[in-house]
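Heads up: the structure comes next, in structure tokens.
Residue numbers (my numbering): 2 to 72.
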């Protein structure tokens, strides 16, 4: 892994107590994908107050997207 590569595990550690990062297999949880309109994988969803605040599909600049979604 490149030194500057983004790691959700590292990001979760940095924000421990502020965010909860979970991994879900969409193939095994199709109801979730349908309920939240997951258009493809990989996908990340940010929830605030139990509601979807934003959904991100792809592998682009995750760190900036997550930071903005949490703001």
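A virtual CB, placed ideally from N, CA and C, is assigned to each residue, including glycine.
Under the three-state reduction of DSSP output, residue 10 falls in the helix class. In the three-state reduction of the DSSP assignment, residue 71 falls in the helix class, which pools H, G and I.
For residue 54, the enclosing beta strand (DSSP E) starts and ends at 52-58. Residue pairing by DSSP places residue 23 in no beta bridge whatsoever.
C-alpha of residue 67 to C-alpha of residue 47: approximately 8 Å in a straight line.
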